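Visitor:
Protein chains in written order, with the numbering used here: chain H, -14 to 281; chain A, -14 to 281.
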């Protein structure tokens, strides 16, 4: 019955379904229209949908249908999308291009972009608090996992450290803090939410979280490499912007070759965690490998 | 046993306890320190603590001790505080003064202020998702109530409409939309969270919500009046800034006298809802009246 998914075909198929779900989430004519247009502009501007698709793939590995898990997966993309809008603002990275289009504030102005980000962040939690057919205490754990990954001990801490590092020389330890918090924690949470929804036993859940965190680190290392090696057209955002902004990156510290070695080592570590989790691993392993070979 | 509280003494006593609770919430030396310092700066800059204290007063009226309800009440102040930081940013109201002190971005810069706001918003939900001694389905309803009041159908919608109205002539209908969403929905949620925690029966809860929404509208009308009649020193923020920014306000539409009449009518409507709720009303009625006579 089950189709033999590759990472590419699964990301394509369910990435599109995530987009379709997000498309139906907000009425474009709701008042004030500028707010809803700004929210929808960034939400529907494309992107790999890696975080929600990872959540769906964990669900599939645990026997949960994608359609059932979709509301949860969508919350991850809402949260990710808010972070991109705020990161692109002039007071942050001041980017003009994202996913191949002008950034939110370039189209709607700074005030609307700020508020669209605030609204998407808030709605991620509203989304996770909608009625779900699982025990309520598990649902609360999901909300706690997402807020913890996203907040002052997670993604926001990583963003702050990332901005501060631009003004200093920075150490390898700073770099590891930034990657862990700015990127890896939310990817860990994407995997965790799928596992929590499925009610995985604690040891499996912990192994799966370790898998998620490690592929999150891999994702950001590959991102660092692509910023050097890929074109603006491939990336859909300005290539070379890490260097322009003086960001701390792995290639800057280690050079490209040693970074590639580190990526391979981390990928293998992630796959070992995945094996230890005991869940059906073939699709998840394939997505992990795809993260390394992707070109955008 | 019970002390006869006035609105003033209750706000003073439990406002201080809210502050003490918030003081212990974040380690000022957590990394990155700029983020935590910026969060704590605004969180501990004073303020009436009206929203958390309203929540505590509802709890008291339903037999819930303030110490037990404090973690929930604190979430309301975290959320309110985020909204003040973002509202004050240059791309929004561009304010220099808040609660008698320089605004967050004037002290920490725009990037840190933006991120401190994001972190406080996120933490409001983390706070509400911490273990509580009530049924988990009720806790989820609390999270849903807060996110709904704060997001794109609540406070953020009000902020967007408020900003947009600066550039247009605006109607009485616009004004009512702004006041309802920007201010009243969160004050309604403050009351609702106390009622949900206490497990009030649905009709009581609905009446109490109507009370909360109406005193929220009263609060904002009084705010409009104070912006005209009070001094910058009294307010702790720039007096007359509504007019400077071209904001839609009740005095602008109706003049001061008719606005005062409207405030009285709304206050009486709120007290009728409170009576209908069937909860012990004396302290809550006293707080509602205090909202009208306050001078800041």
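Ideal Cβ placement from N, Cα and C applies to all residues, glycine included. As the structure is a computational prediction, the values presented were derived from the model and not from experiment.
What would DSSP say about residue 115 of chain H, mapped onto helix, strand or coil?
Guide: Note: residue 115 of chain H maps to coil in three-state DSSP.
Visitor: The alpha helix (DSSP H) with residue 182 of chain H in it runs from where to where?
Guide: 170 to 183
Visitor: Tell me which residue opens and which closes the alpha helix (DSSP H) that residue 232 of chain H is part of.
Guide: No alpha helix (DSSP H) holds residue 232 of chain H; DSSP gives it neither H nor E.
Visitor: Using only alpha-carbon positions, find the residue among H:31, H:229, H:72 and H:27 that is nearest to residue 151 of chain H.
Guide: H:229
Visitor: Closer than 9 angstroms, Cβ to Cβ, to anything on chain A: give me those residues from the region 75 to 104 of chain H, in chain order.
Guide: Flagged, chain order: 75, 76, 77, 90, 94, 95, 96, 97, 98, 99, 100, 101, 102, 103 and 104.
Visitor: Just the C-alpha distance for residue 204 of chain A and residue 14 of chain H, rounded to the nearest angstrom, thanks.
Guide: 29 angstroms
Visitor: Exposed or buried, what is residue -6 of chain H when buried is set at 16 or more other beta-carbons lying within 10 Å of its beta-carbon?
Guide: exposed
Visitor: Does the Cβ of residue 282 of chain A have 16 or more other Cβ atoms within 10 Å, making it buried, or fewer, making it exposed?
Guide: Residue 282 of chain A falls outside the range modelled here, since chain A spans only -14 to 281, and no answer is possible.
Visitor: Can you name the residues of chain A whose CB is closer than 7 angstroms to the CB of residue 136 of chain H?
Guide: In chain order, 104, 107, 108 and 111 make up the part of chain A whose C-beta sits under 7 angstroms from the C-beta of residue 136 of chain H.
Visitor: Does the pairing of the region 101 to 108 of chain H with the region 16 to 26 of chain H give three or more beta-carbon distances under 8 angstroms?
Guide: yes
Visitor: Between which two residues does the alpha helix (DSSP H) harbouring residue 66 of chain A extend?
Guide: 51 to 73
Visitor: Quick check on residue 281 of chain A: does DSSP put it in helix, strand or coil?
Guide: coil
Visitor: Quick check on the burial criterion: 16 or more other C-beta atoms within 10 angstroms. Buried or exposed for residue 241 of chain A?
Guide: exposed
Visitor: Do the CB positions of residue 36 of chain A and residue 175 of chain A come within less than 7 angstroms of each other?
Guide: Residue 175 of chain A sits close to residue 36 of chain A, with the two beta carbons spaced by under 7 angstroms.
Visitor: Go through the region 200 to 281 of chain A residue by residue and report every complete run of the alpha helix (DSSP H) that reaches 4 residues or more, in order.
Guide: Within the region 200 to 281 of chain A, the complete alpha helix (DSSP H) runs of at least 4 residues are 217 to 220, 226 to 230, 235 to 262 and 267 to 278.
Visitor: If you run the structure through DSSP and keep just helix, strand and coil, what is residue 34 of chain A?
Guide: coil
Visitor: Please say whether residue 193 of chain A and residue 134 of chain A have beta carbons closer to each other than 7 angstroms?
Guide: Going by C-beta atoms, residue 134 of chain A is not nearer than 7 angstroms to residue 193 of chain A.
Visitor: What residue range does the alpha helix (DSSP H) around residue 164 of chain A cover?
Guide: In the DSSP assignment, residue 164 of chain A falls within the alpha helix (DSSP H) that extends over 157 to 164.
Visitor: Check each residue of the region 19 to 45 of chain H: if its Cβ is closer than 9 angstroms to any Cβ of chain A, include it; give the result in chain order.
Guide: 19, 20, 21, 23 and 24
Visitor: For residue 145 of chain H, is the classification buried or exposed, using 16 other Cβ atoms within 10 angstroms of its Cβ as the cut-off for buried?
Guide: buried
Visitor: With 7 angstroms as the threshold, decide whether the Cβ of residue 200 of chain H is near any Cβ in chain A.
Guide: no
Visitor: Can you tell me which of the three DSSP states residue 5 of chain A falls into?
Guide: helix
Visitor: Quick check: what's the CA-CA separation for residue 43 of chain A versus residue 265 of chain H?
Guide: 49 angstroms
Visitor: Within the same chain, show all residues whose beta-carbon is closer than 7 angstroms to that of residue 66 of chain A, passing over the 5 residues directly before and after it, in chain order.
Guide: 27, 28 and 105
Visitor: From which residue to which residue does the alpha helix (DSSP H) around residue 147 of chain A run?
Guide: 140 to 150
Visitor: Could you tell me the distance, in whole angstroms, from the CA atom of residue 190 of chain H to the CA atom of residue 181 of chain H?
Guide: 7 angstroms
Visitor: Short check: CB of residue 196 of chain H to CB of residue 113 of chain H, under 7 angstroms?
Guide: no
Visitor: DSSP puts residue 86 of chain A in a beta bridge; with which residues?
Guide: A:83
Visitor: Residue -8 of chain H and residue 275 of chain H: beta carbons closer than 7 angstroms?
Guide: yes
Visitor: Look at residue 309 of chain H and residue 143 of chain H and say whether their C-beta atoms are less than 7 angstroms apart.
Guide: Look at the range of chain H in this structure, -14 to 281, and you will see that residue 309 of chain H is not part of it.
Visitor: Pop quiz: residue 183 of chain H and residue 121 of chain A are said to be a contact at Cβ under 8 angstroms. What is the actual Cβ separation, rounded to whole angstroms?
Guide: The C-beta distance from residue 183 of chain H to residue 121 of chain A rounds to 18 angstroms, too long to meet the 8 angstroms contact threshold.
Visitor: Assign residue 78 of chain A to one of three DSSP states: helix, strand, or coil.
Guide: Here DSSP, grouped into helix, strand and coil, assigns residue 78 of chain A to coil.
Visitor: In whole angstroms, give me the CA-to-CA distance for residue 211 of chain A and residue 281 of chain A.
Guide: 7 angstroms
Visitor: Put residue 102 of chain H into one of helix, strand or coil per three-state DSSP.
Guide: helix
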